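Residue numbers (the numbering used here), protein chains in the order written: chain A, 3 to 398; chain B, 3 to 398.
Listed below in structure tokens is the structure:
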């Protein structure tokens, strides 16, 4: 079929199978030591608890598979979970979504006029940029440095100069891809900027429940309930294939979210929401989270130790207190996209090049790489980094 | 919180909690004899088969809850199901979605330029109009009469006059809300118009597998694979809460669908897709479908018989060969929205007023009502129609 015959909108005509998709195919080949993707550890999924929950739901709930209204008790569980994150909210402020990605997508659809400007960090989750593409939103990148943090001075200058973005998208904890978290002072100033300049913040907290230190700082939503729109997810703490997330928003947003969700995939209680509710009712979440934190802390420490041993002089990397990622920077001028090809070819080891997290294809992260520590067992992490070290030692 | 403080796009600011939502709350109150909603019969869901499938998936598939690529074997099952509908397609033309609603939403996003015109039937599934709202698409309504069928002359005249809609949305079988199906001649002429005027058709076949007569006519997709974009669903034939549907499209559309789905809710294999795959592998679908058809045929006949007995003179209604709905028309000038209030109040019986299926609030269906026959058991259908008859006899 001739492509020119396809009845596509102009922006959709320009879509191309992405180079990253091709790369992913190589990365996920069997035998590859992969620190590339943001996958949780499948062997830690609470499969038994999920199986029991699924059986209970089917046995006890006659409407388990039917269209039905939102699960009020699941919203109440989420309120309790948010309280453990240091956030006070009501069930009426919680809206259930098909994963965090849908939460962001629905919020962007409600908040963004086509062609309007959005503020992003200059290292940013690529899936959020995908959300913006169909709106052809202008992107205003604020520096988020792996050492010095978020450039709040720069942000304030831009706002002072009159920019009024539809919203800022950020991650306060376990940032993807940097692995860093905002300091308390950064959080306070950021929320003050949001209030002063009436700039809503979409806070993506997909990794916030995975924290590894004694001191845990609450997310931005704990500081402001008017300007912070919180996005949460069960994907990283229970399982991605369940596709359940939530947002915490001002109550008048909820019926609007229901309307756009209705048109997206029907705003109905799903079987997997019921499974999660039953799992939470069984009181197993806290123990499961502790197990995850213990194991991921070990994997993080293994990765950091291996980097210490195998990375060349001149490389630096972050030390995450939350999440799944370490961000490493090679000397300026390095090209991690080219490096990945060599790494796969010579040592069968994979990471994601910094490039993948740049705003609209900028080159400023070309010397960086994202390393995941949640997916591989410690011994495999050790081996992967040793291999990566050999690739780097072989020179560029 | 002051509404003017909410950071909303202009179209989202105009959203209001819908009158239909209020109405639905009354309709779904316990004790109401409801022929209103398009719900499958919960007591016919294959809960046992689903439970066994869920247990098998968790026991046998280590990646069952993880992010993973599309389930090729499920696409192959769908190819086989499509063959039973009389459609030849390849697994490469099948794309899995979060229900039919997402299929329509993703197709509209790929095909529609903002502000462009879309062709609809003048009685139309309200969820499809919701898809169009954010695009502010212009709607061009073509008459679909419950007796004389689709006004193909009118459609041709409009196309001949130069209109070039982004697509036509239609249902060939078990039309929601009319309950009618297109004749073979209508299908052939419609597909010819699509070809001649290069107008894509989104064919919503959510009800097509629920057919009750000996002769089954294949959907439009069987007649053309270039211009017909087919949308299917497991919601009505297995269970809505699983949220799994599919589209059958020209192969070059598939990676584009993957891109927009990725940004919507991540294009990953879901737990419920795996449950369905395991259920299909067990070979139970055909028997389940036969049971559904047998039971729904009985319910349809019960409804038609009860209408014969209880409807006043001057009322007419459709005799569906597929789907879940009968469309009834009272004499012109009747107002079924007002009637619904009285029916709920005096006889606790519910239906959906024709108004709910009008294009952009038009009044041409104000004397009509949609009656569902899938959700209630036969005795309850009898009683509901007897009550409706009393409401109508009491006069308007």
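We treat Cβ as the ideally placed atom computed from N, Cα and C, and that holds for glycine. Please read these numbers as outputs of a predicted model, since none were measured by experiment.
Query: Return the CA-CA distance between residue 298/A and residue 376/A, expressed in angstroms with no decimal places.; Result: 6 Å
Query: What do you reckon, are the CB atoms on residue 330/A and residue 378/A nearer than 8 Å?; Result: no
Query: Could you please give me the residues that DSSP links to residue 370/B through a beta bridge?; Result: 331/B
Query: Less than 8 Å between the C-beta atoms of residue 84/B and residue 212/B, yes or no?; Result: no
Query: Could you tell me whether any Cβ in chain B is nearer than 8 Å to the Cβ of residue 364/A?; Result: no
Query: Less than 8 Å between C-beta atoms, sequence neighbours within five positions excluded: which residues of the same chain meet that for residue 389/A?; Result: 35, 345, 349, 350, 351
Query: According to DSSP, which residues form a beta bridge with residue 213/A?; Result: 324/A
Query: Report back the beta-carbon spacing between residue 129/A and residue 266/B to the nearest angstrom; my notes put them in contact at under 8 Å.; Result: The pair is not a contact, with the Cβ atoms about 10 Å apart (cut-off 8 Å).
Query: Whose C-alpha, out of 188/B, 109/B, 368/B, 296/B, is nearest the C-alpha of residue 214/B?; Result: 296/B
Query: Where does residue 227/B sit, in a helix, a strand or coil, going by DSSP?; Result: coil
Query: Which value, in whole angstroms, describes the spacing of the CA atoms of residue 399/A and residue 158/A?; Result: Residue 399/A is absent from the model: chain A starts at 3 and stops at 398.
Query: Helix, strand or coil for residue 315/A? Go by DSSP, reduced to three states.; Result: coil
Query: Name, please, each residue of chain A whose Cβ falls closer than 9 Å to the Cβ of residue 138/B.; Result: What residue 138/B touches in chain A: nothing, since even the nearest Cβ is about 10 Å away.
Query: At a Cβ cut of 7 Å, what residues of the stretch 46-65 of chain A count as close to chain B, listed as they run along the chain?; Result: 47, 49, 52, 53, 56, 57, 60, 64, 65
Query: Quick one: residues in its chain with C-beta nearer than 7 Å to the C-beta of residue 185/B, no 5 flanking neighbours on either side, listed in chain order?; Result: 151
Query: Give a yes or no on contact between the stretch 89-109 of chain A and the stretch 248-261 of chain A, applying the rule of three or more CB pairs nearer than 8 Å.; Result: yes
Query: Is any beta-carbon of chain B found at less than 8 Å from that of residue 274/A?; Result: yes
Query: Touching or not, the stretch 220-239 of chain A and the stretch 305-318 of chain A, by the rule of three or more beta carbon pairs under 8 Å?; Result: no
Query: Considering just the uninterrupted stretch of the beta strand (DSSP E) at residue 263/A, what are its terminal residues?; Result: It is not in any beta strand (DSSP E) - residue 263/A instead sits in the alpha helix (DSSP H) that spans 256-267.
Query: Run down chain A in chain order and give the residues with a C-beta less than 7 Å from the C-beta of residue 298/B.; Result: Simply none; closest approach about 16 Å.
Query: What residues match up with residue 151/A in a beta bridge as DSSP calls it?; Result: 147/A
Query: Verify the CB distance criterion: does residue 159/A have a CB-CB separation below 8 Å to chain B?; Result: no
Query: Does the separation of the CB atoms of residue 271/B and residue 243/A fall below 8 Å?; Result: yes
Query: Can residue 69/A and residue 41/B be called in contact, C-beta distance under 8 Å?; Result: yes
Query: Is the CB of residue 268/B under 8 Å away from at least one CB in chain A?; Result: yes
Query: Give the range of the alpha helix (DSSP H) segment to which residue 130/A is assigned.; Result: 128-134
Query: Where in the stretch 34-65 of chain B do unbroken runs of the alpha helix (DSSP H), each at least 4 residues long, occur, reported from the N-terminal end onward?; Result: 49-62
Query: Just curious, the beta strand (DSSP E) that residue 283/A is in, first and last residue?; Result: Where residue 283/A is concerned, there is no enclosing beta strand (DSSP E), although the alpha helix (DSSP H) it sits in stretches over 273-283.
Query: Check whether chain A comes within 8 Å of residue 2/B, counting only Cβ atoms and requiring the distance to be less than that.; Result: Absent from the model: residue 2/B. The displayed extent of chain B is 3 to 398, so no value can be given.
Query: Alpha carbon to alpha carbon, what distance is there between residue 174/A and residue 149/A?; Result: 15 Å
Query: So the alpha helix (DSSP H) residue 113/A belongs to, where does it begin and stop?; Result: 101-113
Query: Could you tell me the boundaries of the alpha helix (DSSP H) in which residue 182/B lies?; Result: Element bounds for residue 182/B: n/a, residue is neither H nor E.
Query: So, does the stretch 180-195 of chain A touch the stretch 48-67 of chain A, judging by three or more C-beta pairs under 8 Å?; Result: no
Query: Name the two residues that bound the continuous beta strand (DSSP E) containing residue 251/A.; Result: Unbroken run through residue 251/A: none, as it is neither H nor E.
Query: Would you say residue 104/B lies against chain A (beta-carbon separation less than 8 Å)?; Result: yes
Query: Rank 334/B, 249/B, 268/B, 328/B by C-alpha distance to the C-alpha of residue 101/B and give the top, closest one.; Result: 249/B
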